[in-house]
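Numbering (the UniProt record's numbering), first residue to last: 1 to 309.
Contents: one structure, followed by commentary.
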Amino acid sequence: MNDGLLYKAQVRWLFHAHIKIKIPVFCDESLFDELFAVLEDVDKHYNSYSEGSFFDLINKNAGQFVEVDDETISLLRQLIYFSDLFDGEYDITVMPLVRLWGFYKDEEPRLPLKEEIKATKKRVNYKTIEIEGSKVRIAEGQEIITGSFMKSYAVDKLVQKMRKEGITDAIINAGGSTIKTLNNNIHPFWIVNVQNSLKKDDSLFKLEVSNACFSTSAQTKTFVEIGGKKYGHIINPLTGYPSENKQIGIISTNCFVGDIISTGLYNQTLDGFTEKMKLLSTQFDVSGFLMDKNNSIRFSDGFEKYIVQ
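Structure representation (structure tokens):
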């Protein structure tokens, strides 16, 4: 829905994704540089994939304390809280398992042995993250991965900047996995198309989203193929194996929260998803859906009200 309203947009490559910002046409063109600068700052200082970032330094000095800033400490405390909330099914130290399954490797992926999975799981434990004042230490052999939250965290900061600049009507599409809308009385919502991860050019449904974030994860886009079978990148830290679920989508008021929940609940059964969402909705303004390995879809309470088609 735009009722003839005019917008301008720019796309830039950040966080290994195309980030598209669309704002009203009357906004000054130079504003794009200021908006993308917010994302670039987060990418440079906090993305674990960025050379010299705080998380990169923590990883490279595993086993030793590293001096970090207040923002890194705040982020880690929030992430540990969510890991507790998900009983360890969400764990930012899962990277050794991700690498074991052949992601971020040049050689041909192979099926890990049970013994390898068991041994690698011992290095995956968020509870061994130590915070002492302004210093952080992870255990030797551990590695933090920020992919499940950093892009969305940056989008939340971008929205703060937009509101400060007086922008009340905009949409941010961060690689398709995080879509944040800003709305006002003239333009009360945006329509978000939820693609079916199993069929190209097919959509599951369209959502009416107003001043909210839609976070989605799917195993069909990022995977390794071993012996003709595809294994997705979202790995259960407790079992050491990739989830067999197909797709998840979460609507939330906060992108950071929504993105973490979409990862934390990816390993759930349909019934487990329903129960966990009930618990989470007592703390956060969230609703969503899960498509399991059998292509069955389950909606949480309150999600269907967003569906328009």
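Glycine residues also receive a C-beta, built at the ideal position from the N, C-alpha and C atoms.
By the DSSP assignment, the beta strand (DSSP E) with residue i in it spans what residues?
i: residue 197; result: Element bounds for residue 197: n/a, residue is neither H nor E.
i: residue 224; result: 223 to 226
i: residue 286; result: 286 to 291
i: residue 8; result: 7 to 14
i: residue 208; result: 203 to 209
Assuming residue i is part of the alpha helix (DSSP H), what are its boundary residues?
i: residue 310; result: This structure cannot speak to residue 310, because the chain is shown only from 1 to 309.
i: residue 24; result: Where residue 24 is concerned, there is no enclosing alpha helix (DSSP H), although the beta strand (DSSP E) it sits in stretches over 17 to 24.
i: residue 218; result: Element bounds for residue 218: not the alpha helix (DSSP H) but the beta strand (DSSP E), 213 to 218.
i: residue 263; result: 255 to 264
i: residue 59; result: 54 to 60
Under the assumption that residue i contacts residue j (Cβ atoms under 8 angstroms), give the Cβ distance between them as a whole number of angstroms.
i: residue 286; j: residue 258; result: 7 angstroms
i: residue 58; j: residue 144; result: 6 angstroms
i: residue 23; j: residue 8; result: 6 angstroms
i: residue 53; j: residue 44; result: 7 angstroms
i: residue 158; j: residue 306; result: Wrong, their Cβ atoms sit about 22 angstroms apart, outside the cutoff.
i: residue 116; j: residue 100; result: 6 angstroms
i: residue 67; j: residue 135; result: 6 angstroms
To which residues of the same chain is residue i closer than 6 angstroms at the C-beta, ignoring the five residues directly before and after it?
i: residue 130; result: 137
i: residue 280; result: 286
i: residue 63; result: 140
i: residue 102; result: 109, 224
i: residue 301; result: none
i: residue 216; result: 177, 249
i: residue 295; result: none
i: residue 6; result: 25
Excluding five sequence neighbours on each side, which residues of the same chain lie with their C-beta closer than 7 angstroms to the C-beta of residue i?
i: residue 2; result: Summary for residue 2: the model assigns pLDDT 48, below 50, so the residue's position carries little reliability, and this model does not support an answer.
i: residue 238; result: 88, 89
i: residue 56; result: 48, 50
i: residue 230; result: 223
Excluding sequence positions up to five away, which residues of its chain have a Cβ less than 8 angstroms from the Cβ of residue i?
i: residue 183; result: 168, 169, 189, 190, 210, 211
i: residue 243; result: 219, 232, 234, 235, 236, 266, 267
> On the three-pair Cβ rule with 8 angstroms, is the stretch 239 to 247 touching the stretch 280 to 294?
Replying inline: Because the criterion of three Cβ pairs below 8 angstroms is met, the stretch 239 to 247 and the stretch 280 to 294 touch.
>> Could you check whether the stretch 144 to 160 touches the stretch 31 to 46, counting it as contact only if at least three pairs of C-beta atoms, one from each stretch, sit closer than 8 angstroms?
In response: yes
> Which full runs of the alpha helix (DSSP H) of 4+ residues lie inside the stretch 81 to 153, going along the chain?
Replying inline: 95 to 100, 114 to 121
> Would you call the stretch 116 to 130 and the stretch 89 to 96 touching, i.e. three or more CB-CB distances under 8 angstroms?
Replying inline: Short answer: they touch.
> If you pair each beta-carbon of the stretch 264 to 276 with each one of the stretch 165 to 176, do three or more pairs fall below 8 angstroms?
Replying inline: no
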